[in-house]
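Numbering (the working numbering), first residue to last: 20 to 358. The structure appears below as structure tokens.
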Amino acid sequence: MGGAFGEFSGLIPNGRSAGEASQGNGLDNGQPNTMRIAAFLLLLLVFLLGCEGGPADDKADRKLRVVATTGMIADLARHIGGDSVEVLALMGPGVDPHLYKATQGDLGRLRAADIVLYNGLHLEGKMGEVLEKLEQIKTVVPVSRGIGVDRLIDHPEYEGTYDPHIWFDVQLWAEALDEVLATLIEADPANRSYFERNAEAYRRELAELHKWVRQEIKKIPPERRILITAHDAFSYFGRAYDIEVRGLQGISTVSEFGLKDRVDLIDFIAGRGIKAVFVETSVSQKNIRAIVEGCRQKGHEVRIGGSLYSDAMGEAGGPAGEYTGMVRSNVNTIVNALN
Ligand SMILES: [Zn+2]
């Protein structure tokens, strides 16, 4: 990885090394102190400007840099890495990972990273090429890698591919935790026991959360336990917590839906007497609103039961700004609306 890192430093724009070299020569000529300080400050400035979020540098002097695609993955890395990692998520609140394309700024952030973590299973459908290229020069890890295919839900349309929304089964997400832990240990073996302690504490928190979700969903009478959303993000949630799920769009927001899908869903909602459907923070509300209107025209009143954090967390510092808060917020919204 050391060689790869050197290669990557050459990719950083602004010609930092040229500026540093000329300043460096000036420093060696026995100038008065003030001159030396001024030269040093200038050098520091050139250095910082050239960094764009971090120089290619001596890794021993700084924290391990982790760049994650989604907020949920960044949250895992923060819990395990604690004070010894610097974690950045490319996709913020309300961002749809199925449609997301890396920006120019992202490319710089990805190049400056020691480790890149992504979901895999084609969640980041438009980032495949970028991730593939990065793989040749640094540690790039899909956090879903260690989960056996027997635990994954098949993609309904493409054989051999799987539903990527693994974070909605809290127990399954704890397996992604193992992958992140192994990656951090490999990159920074000196911190092994620190990472392991953090992981153990977080694993316990996730186990408690899993139990809590189970209990909460059980509060909804079985005949009302139906979750209808804009896209099929909740199949793992449905399987783990015993709630029937249905989305208007498929497991990717890229997929189209036709008039028939719309009519079928309206018939289903009216036929089952469903009282609430849900919008998602990272998907346009337009389609679900059209479903509500379609039901009304059929003489069935259904309302929007609330907004769910499906493929993105909420604002940092807010109730859904962390993974556990995101799950709790969703479960509270679902239970309140369907009960
Ligand atoms: Zn999705």
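Cβ coordinates follow ideal geometry from the N, Cα and C atoms, glycine included. Here the structure is a predicted model, which is why all the values come from computation and not from measurement.
Proximal residues to residue i (C-beta, below 6 Å), its chain only, five neighbours per side dropped
{"i": "Y342", "result": "M91, D94"}
{"i": "G269", "result": "D251"}
{"i": "C345", "result": "A small correction: the amino acid at residue 345 is Met; Cys does not occupy that position in the sequence shown. Excluding positions up to five away in sequence, the list reads Y328, M332, A339."}
{"i": "G337", "result": "none"}
{"i": "L221", "result": "Inspection of the sequence shows that residue 221 is occupied by Tyr rather than by Leu. Counting only Cβ-Cβ distances below 6 Å, and skipping sequence neighbours, we find H98."}
{"i": "S41", "result": "Here the model assigns S41 a pLDDT of 31, short of 50, so the residue's position is not dependable and the matter cannot be decided."}
{"i": "V350", "result": "V232, E235"}
{"i": "G124", "result": "none"}
{"i": "E215", "result": "none"}
{"i": "I166", "result": "E194"}
{"i": "E105", "result": "K82, R84"}
Unbroken beta strand (DSSP E) run spanning residue i, endpoints
{"i": "G257", "result": "Here G257 belongs to no beta strand (DSSP E); instead the alpha helix (DSSP H) covers 254 to 260."}
{"i": "H250", "result": "245 to 250"}
{"i": "G266", "result": "263 to 268"}
{"i": "A108", "result": "104 to 108"}
{"i": "A87", "result": "83 to 87"}
Cut-off 8 Å between Cβ atoms - residues of its own chain near residue i, not counting five sequence neighbours on either side
{"i": "F276", "result": "L267, Q268, G269, N306"}
{"i": "V168", "result": "Y181"}
{"i": "Y119", "result": "T88, L109, M110, E143, K145, M146"}
{"i": "R164", "result": "G139, E198"}
{"i": "G257", "result": "L246, E263, V264"}
{"i": "I288", "result": "I247, V296, I310, C314, H319, V321"}
{"i": "I172", "result": "Y181, D182, S254, Y255, R258"}
Nearest candidate by alpha-carbon position, reference residue i, set the options
{"i": "E112", "options": "V350, P240, A335", "result": "Note that residue 112 corresponds to Pro in the displayed sequence, not to Glu. Ranking V350, P240, A335 by Cα distance to P112 puts A335 first."}
{"i": "I323", "options": "K237, Y119, S103, I310", "result": "I310"}
{"i": "A195", "options": "P175, L228, P161", "result": "P161"}
{"i": "N355", "options": "Y213, E154, F214, I239", "result": "I239"}
{"i": "E17", "options": "G179, W231, R130", "result": "The structure shown has nothing for residue 17, since the chain only spans 20 to 358."}
{"i": "E320", "options": "D286, S303, E299, P241", "result": "D286"}
{"i": "K279", "options": "G313, K230, F256, Q304", "result": "G313"}
{"i": "K230", "options": "S348, V85, Y260, P241", "result": "Y260"}
{"i": "T202", "options": "R315, L225, V159, R223", "result": "V159"}
{"i": "E299", "options": "S348, A249, A289, S271", "result": "A249"}
{"i": "P241", "options": "I293, L126, Q304", "result": "I293"}
{"i": "L200", "options": "D80, A96, R81", "result": "A96"}
{"i": "S348", "options": "S271, R308, L228", "result": "L228"}
Unbroken alpha helix (DSSP H) run spanning residue i, endpoints
{"i": "A211", "result": "Before going on, a small fix: residue 211 reads as Arg here, not Ala. Per DSSP, R211 belongs to the alpha helix (DSSP H) from 211 to 237."}
{"i": "E194", "result": "189 to 206"}
{"i": "A121", "result": "Taken as a continuous stretch (DSSP letters only), A121 belongs to no alpha helix (DSSP H), as it is neither H nor E."}
{"i": "H98", "result": "90 to 100"}
Distance CB(residue i)-CB(residue j) smaller than 8 Å
{"i": "A206", "j": "D133", "result": "yes"}
{"i": "L83", "j": "G101", "result": "no"}
{"i": "G325", "j": "T352", "result": "yes"}
{"i": "V296", "j": "I247", "result": "yes"}
{"i": "L150", "j": "R128", "result": "no"}
{"i": "H117", "j": "V273", "result": "yes"}
{"i": "V232", "j": "V189", "result": "yes"}
{"i": "W192", "j": "L225", "result": "yes"}
{"i": "H184", "j": "S254", "result": "yes"}
{"i": "V85", "j": "L126", "result": "no"}
Nonlocal neighbours in the same chain, by C-beta distance under 7 Å from residue i, ignoring five residues either side
{"i": "R211", "result": "I204"}
{"i": "N358", "result": "K238, I239"}
{"i": "R291", "result": "I245"}
{"i": "S301", "result": "G113, V114, D115, S329, D330, A331"}
{"i": "R243", "result": "L357"}
{"i": "Y213", "result": "G101, S103"}
{"i": "S271", "result": "H117, G144"}
### Task
Identify every run of the beta strand (DSSP E) within the segment 276 to 342, keeping only runs that are complete inside it and at least 3 residues long; order them along the chain.
Listed in chain order, the complete beta strand (DSSP E) runs (minimum 3 residues) inside the segment 276 to 342 are 295 to 299, 322 to 327.
### Task
Give, in chain order, every unbroken run of the beta strand (DSSP E) that is at least 3 residues long and sits entirely within the segment 129 to 187.
Uninterrupted beta strand (DSSP E) stretches at least 3 residues long and entirely within the segment 129 to 187 occur at 134 to 137, 158 to 161, given in chain order.
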